[in-house]
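Asker: Residue numbering for the sequence shown follows the working numbering, starting at 1 and increasing by one per position. Backbone N, C-alpha and C define an ideal beta-carbon position, used for all residues, glycine too. In this text the structure is predicted, and so the values were computed from the model without any measurement. After the structure tokens below, expect a handful of questions from me.
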Amino acid sequence: MNFRFRMVVLLLFVGIALTVLGFQRSSMLIKGDTVNLSAPVGDFSKSALCEGTIDFVYGPFAVLETTRKTAGVKTGSTTTNFYIVGDTFDGDALVVFTTSDDMLIRKLDDAADKWYEYLTDESIAEDDYPEIAIDFKGYLAKQTKDDDFDTYYQEAIEDLGAIGYVPEDFAEYRIIYGEVGKGSFVMLAGGLLVLALGIFLAIRTVKSTKKYLADAKAVTAAEKARKEEMLNMADKYSENEADTFVDETEQYPTDNIDETSKVVDESDYDTIES
1 MNFRFRMVVL LLFVGIALTV LGFQRSSMLI KGDTVNLSAP VGDFSKSALC EGTIDFVYGP
61 FAVLETTRKT AGVKTGSTTT NFYIVGDTFD GDALVVFTTS DDMLIRKLDD AADKWYEYLT
121 DESIAEDDYP EIAIDFKGYL AKQTKDDDFD TYYQEAIEDL GAIGYVPEDF AEYRIIYGEV
181 GKGSFVMLAG GLLVLALGIF LAIRTVKSTK KYLADAKAVT AAEKARKEEM LNMADKYSEN
241 EADTFVDETE QYPTDNIDET SKVVDESDYD TIES
């Protein structure tokens, strides 16, 4: 029962997660809304597809490591880097950019190093900007809700304030790297299938649990009835024993015996003389 309950919870959790994510991505494909990185900062305020060319990189200002476990044993981990990127030559928005792709992480780290060197090395001419062009496709999502992330993000905003950026330049939503394709519909269908299986097993589990409780209750009632029957039989047996007990004083009365009748009159017997 415990294993089945865990399985139901797992299927429901996975099914809901896949369904929600698949629905979000599928709806973005159906709507076809795409925001370019060069768009005004106000355009980064709702879920949509996103693409463009990155020419400015800061970070990573935060790193999230997600650990995967099987039966309590660590089987792997995923590292997600958080950057602040922008298309500064064609746009004015700075956007949080997240990715777990190792190759892209190397490109972004290299670009961030070049920008750091440009901003801190006074020997580099002001108009000698780093030549960076990183193309990407992804989608917009809400910012991560985490106290540590909020702290690191605010520190990054303050750091970039030293080169003239203000909080209004930072987008409300973040970019999650990864092209959204037709696989989103497959994800949605798979999520609905897993969710349906979880609901089916949940109903089966509830029914079997109710039957188990009903059977246990019936057994308890039968056991109680059997014990009561045995107690009644014991009481009846005790009553029968009391009914068959005989008072010897009643069976053999002695109150009306004439004691005098026991005295023999010797005159009633003839005397035998020798």
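Considering only residues of the same chain and omitting the five flanking positions on each side of V73, which have a CB-CB separation below 6 Å?
Answerer: Along the sequence shown, read from residue 1 onward, the residue named residue 73 stands at position 73. Cβ within range, chain order: n/a, list empty.
Asker: From this set, S100, V194, K207, which residue's C-alpha is nearest L12's C-alpha?
Answerer: Reading the sequence shown from its first residue, position 12 is the one you call residue 12. Of the listed residues, the one whose Cα sits closest to L12 is V194.
Asker: What residue does the alpha helix (DSSP H) around E155 start on, and which one ends it?
Answerer: Start at 1 with the first residue of the sequence shown, and residue 155 comes out as number 155. Element bounds for E155: 147–160.
Asker: How many whole angstroms separate the CB atoms of I175 and T98, which I take to be in contact at a CB cut-off of 8 Å?
Answerer: For the purposes of this step, residue 175 is taken as the residue at position 175 of the sequence shown. For the purposes of this step, residue 98 is taken as the residue at position 98 of the sequence shown. Going by Cβ atoms, the distance from I175 to T98 rounds to 7 Å, so yes, they are a contact pair.
Asker: List the DSSP bridge partners of S77.
Answerer: Within the sequence shown, the letter at position 77 stands for residue 77. Its beta-bridge partners are T67.
Asker: Using C-beta distances below 7 Å, list every residue in its chain close to V14, excluding the 5 sequence neighbours before and after it, in chain order.
Answerer: If you number the sequence shown from 1, residue 14 lands on position 14. For V14, where only same-chain residues beyond five positions count, the Cβ hits under 7 Å are V194.
Asker: Taking only three categories from DSSP, how would you classify V8?
Answerer: Locating residue 8 in the sequence shown gives position 8, counting from the first residue. Reduced to three states, the DSSP call for V8 is helix.
Asker: Have a look at V95, D121, I16, D101 and flag the residue whose alpha-carbon is nearest the alpha-carbon of V166.
Answerer: The count along the sequence shown starts at 1 and reaches residue 166 at position 166. That would be V95, whose Cα lies nearest to the Cα of V166.
Asker: From the DSSP output, in three-state form, read off T34 for me.
Answerer: Numbered from its first residue, the sequence shown carries residue 34 at position 34. Three-state DSSP puts T34 in a strand.
Asker: Buried or exposed: which applies to Y58, given that a residue is buried once 16 or more other Cβ atoms fall within 10 Å of its Cβ?
Answerer: In the sequence shown, residue 58 corresponds to position 58, counting from 1. Y58 comes out buried.
Asker: What are the boundary residues of the alpha helix (DSSP H) that includes D110?
Answerer: Working through the sequence shown from its first residue, we reach residue 110 at position 110. It spans 102–120 - the alpha helix (DSSP H) in which D110 sits, taken as one unbroken run.
Asker: Tell me the DSSP secondary structure of T53 in three-state form.
Answerer: The residue you call residue 53 lines up with position 53 of the sequence shown. Residue state, collapsed to three classes: strand.
Asker: Would you give the residue range spanned by the beta strand (DSSP E) that D135 belongs to?
Answerer: The count along the sequence shown starts at 1 and reaches residue 135 at position 135. Unbroken beta strand (DSSP E) run through D135: 134–141.
Asker: With A171 and F44 assumed to form a contact (beta carbons below 8 Å), what rounded beta-carbon distance in angstroms separates them?
Answerer: In the sequence shown, residue 171 corresponds to position 171, counting from 1. In the sequence shown, residue 44 corresponds to position 44, counting from 1. Yes, A171 and F44 are in contact; Cβ-Cβ is about 3 Å, under 8 Å.
Asker: By Cβ distance, which residues of its chain are closer than 6 Å to D33, with the 5 residues on each side in sequence left out?
Answerer: Here residue 33 refers to the residue found at position 33 of the sequence shown. Only A48 meet the Cβ criterion.
Asker: Express the C-alpha separation of L10 and V35 in angstroms, rounding to a whole number.
Answerer: In the sequence shown, counting from the first residue as 1, residue 35 sits at position 35. In the sequence shown, counting from the first residue as 1, residue 10 sits at position 10. Rounded to the nearest angstrom, the two C-alpha atoms are 35 Å apart.
Asker: In the DSSP assignment, what residue or residues form a beta bridge with V85?
Answerer: The residue labelled residue 85 in the question sits at position 85 within the sequence shown. DSSP output for V85 lists V57, V95 as bridge partner(s).
Asker: My understanding is that T205 touches V8, with C-beta atoms under 8 Å, so please give their C-beta distance in whole angstroms.
Answerer: As a working mapping, residue 205 is identified with position 205 in the sequence shown. As a working mapping, residue 8 is identified with position 8 in the sequence shown. Contact flag correct, Cβ pair sits at about 6 Å.
Asker: Once DSSP output is grouped into helix, strand and coil, what is the label at F200?
Answerer: Taking the first residue of the sequence shown as 1, we reach residue 200 at position 200. Correct three-state label for F200: helix.
Asker: Tell whether a beta-carbon distance below 8 Å holds between D92 and V41.
Answerer: The residue you call residue 92 lines up with position 92 of the sequence shown. The residue you call residue 41 lines up with position 41 of the sequence shown. Contact flag set, yes.
Asker: What does the alpha-carbon distance come out to for the pair V20 and D159?
Answerer: Locating residue 20 in the sequence shown gives position 20, counting from the first residue. Locating residue 159 in the sequence shown gives position 159, counting from the first residue. When rounded, the distance between both Cα atoms is 36 Å.
Asker: Which residue marks the beginning of the beta strand (DSSP E) containing I296, and which one marks its end?
Answerer: Missing from the structure shown is residue 296; the chain here goes from 1 to 274 and no further.
Asker: Rank G198, L231, L104 by C-alpha distance to the C-alpha of G178 and give the top, closest one.
Answerer: As a first step, residue 178 must be located in the sequence shown, where it is residue number 178. The residue with the shortest Cα to Cα distance from G178 is L104.
Asker: E65: which of N81, D55, E51 sits nearest, CA to CA?
Answerer: The residue you call residue 65 lines up with position 65 of the sequence shown. Minimum Cα distance to E65 is reached at N81.
Asker: One question on the structure: do A156 and F61 come within less than 8 Å of each other, judged by their Cβ atoms?
Answerer: Counted from its first residue, the sequence shown places residue 156 at position 156. Counted from its first residue, the sequence shown places residue 61 at position 61. Taking 8 Å as the cut-off, the beta carbon of A156 is found closer than this to the beta carbon of F61.
Asker: How about L18 and G191: do their beta carbons lie closer than 8 Å?
Answerer: For this step, residue 18 is matched to residue 18 along the sequence shown. For this step, residue 191 is matched to residue 191 along the sequence shown. For L18 and G191, yes; Cβs fall inside 8 Å.
Asker: Please go through the same chain and pick out, in chain order, the residues whose beta-carbon is closer than 7 Å to the beta-carbon of S137, but skip the five residues on each side of it.
Answerer: For the purposes of this step, residue 137 is identified with residue 137 of the sequence shown, where counting begins at 1. Reading off the sequence shown, one finds Lys at residue 137, where the question assumed Ser. The residues are E51, E179.
Asker: Look up F13 in the DSSP assignment and say whether it is helix, strand or coil.
Answerer: By one-based count along the sequence shown, residue 13 stands at place 13. Residue state, collapsed to three classes: helix.
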